[in-house]
Structures are given as C-alpha cells and as structure tokens.
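Numbering (this note's numbering), first residue to last: 3 to 218.
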C-alpha cells in the first residue's frame, strides 16, 4: 500500500488488500482440491466407503465455489483496470505478462471450473485447480519480485538465495510430514474405532438421563 511508485501501475491499486482477500478464497479451495487428489492416491486404503462415495460431490462443490469467487475477482480486476485507465500499458512486455496472469491463469481456470462442475468432471476441476494455484503463486511473486521495482535492472533486483529457498521447502515438507503423521495415527479419513462409538453412545445416553431427571 505504501509502495505506489514501486509497483507497476497494472498491479498497484488501493484495493490490493481486497484483491488479496478474494483471491485467497479460491486459492485455498484449489489447494484443498489438490491436496485431496494426492490424499486420495496415498491414503485411499484408509478411506471409508462413505467418504469415497461423497468425495466427487465434495470436489464438485469446491469447484463451484472457486468458479463463483473467481468471477467476482475478475470483475473487480476489470473495474480497477477501467478506473485506472491503464489500457495503453497492456501493449507492453509487462502488459503481456499481466494478461498472462489474469487471462491465462485466472479466466481460463474459471471457465474450466464451470465446465467441470456442469459435466461433473473431476479431471477438469483438478486441472483448473492446478492452473489457479500457479496463477496465485505468480500473482504473489509479481507483487514481491516481478512488478515491484520493475524499472530496476534485473541484476539489481532482489532474488532469494538458495538458503532461503531451502528454508521455504523445509517448512513445506515439515507440514506434509506432520499431516502424514496425523493421518496415519488418527481417524482423519477412516472411520473411528468401535470403542469411540461406544463411548459416544454412552455419553449421549448419560446426557439424556440427566436431562430427563432435570425435567422431573
């Protein structure tokens, strides 16, 4: 927000927080679709029949939400482009890059989401989710690296060192390992053990008895 003169006009707007918030919604849902696809292949043997039966409907529902939110996001981007009057900048190298992000990695995925939802095609929805994730990564990189101080020579720009990259990958891998550890030890996908169900039934029975006693 304080870097108006450092961010390329096609990306800078006083509504950056709003755009980030809206885009984070379909970015998060796309990540859920992606993670769910991997989990389906890795932990399928742990998944209950009920979960496997409901899984396609869950993915279609997530895809439908992504499509709706992305349409709102594209509408906001169009309004801001018209309000900023930066049409002439579209016919520049940075303008082409902007169109790649907005059209190639936002508009096209939203269309794929819509088609995937209508045809209930999980493959289309998964492809759309991958493109959406790529678009969000590029969008965030634009604000931090590419569109930020775009006028500075490449040799003078900030580029993460290999140590920073290793740390980032380590954090991601730690999250993956933690998730795998939890799934293998807790009933995340598989059904709860019988003793858990028995305890739940016993607890409910006690609560019913206490409620009836309090009514007397």
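Even glycine gets a Cβ: it sits at the ideal position worked out from N, Cα and C.
Selected residue, minimal CA-CA separation from residue i, among the options
i: residue 126; options: 65, 101, 141, 71; result: 65
i: residue 118; options: 209, 62, 53; result: 62
i: residue 219; options: 9, 42, 152; result: Missing from the structure shown is residue 219; the chain here goes from 3 to 218 and no further.
i: residue 112; options: 84, 135, 58; result: 135
i: residue 14; options: 73, 91, 207; result: 91
i: residue 73; options: 51, 114, 164; result: 114
i: residue 9; options: 201, 194, 146; result: 146
i: residue 184; options: 45, 121, 75, 141; result: 45
i: residue 123; options: 58, 93, 23, 106; result: 58
Buried or exposed by the 16-neighbour rule on C-beta atoms within 10 Å, applied to residue i
i: residue 98; result: exposed
i: residue 153; result: exposed
i: residue 103; result: buried
i: residue 160; result: exposed
i: residue 144; result: buried
i: residue 82; result: buried
i: residue 116; result: buried
i: residue 141; result: buried
One or two residues paired with residue i in a DSSP bridge
i: residue 9; result: 150
Nearest-angstrom Cα separation, counted from residue j out to residue i
i: residue 222; j: residue 70; result: Absent from the model: residue 222. The displayed extent of the chain is 3 to 218, so no value can be given.
i: residue 19; j: residue 150; result: 16 angstroms
i: residue 189; j: residue 196; result: 12 angstroms
i: residue 39; j: residue 68; result: 16 angstroms
i: residue 173; j: residue 86; result: 38 angstroms
i: residue 96; j: residue 6; result: 16 angstroms
i: residue 139; j: residue 49; result: 31 angstroms
i: residue 175; j: residue 210; result: 46 angstroms
i: residue 271; j: residue 215; result: Residue coverage of the chain in this structure runs from 3 to 218, which leaves residue 271 outside it and unanswerable.
i: residue 25; j: residue 60; result: 20 angstroms
i: residue 56; j: residue 181; result: 22 angstroms
i: residue 109; j: residue 80; result: 11 angstroms
i: residue 167; j: residue 177; result: 16 angstroms
i: residue 89; j: residue 179; result: 47 angstroms
i: residue 208; j: residue 200; result: 12 angstroms
i: residue 155; j: residue 28; result: 34 angstroms
i: residue 52; j: residue 194; result: 13 angstroms
Chain C contact for residue i (CB, 8 angstroms cutoff)
i: residue 70; result: This model lacks chain C altogether, as it is built from one protein chain only.
Proximity test, residue i beta-carbon vs the ligand SAH heavy atom, cut-off 7 angstroms
i: residue 28; result: Among the components of this structure there are no ligands whatsoever, and the ligand SAH is therefore not found.
| field | Segment contact, 8 angstroms Cβ cut-off, at least three pairs: the region 129-146 with the region 28-35 | value | yes
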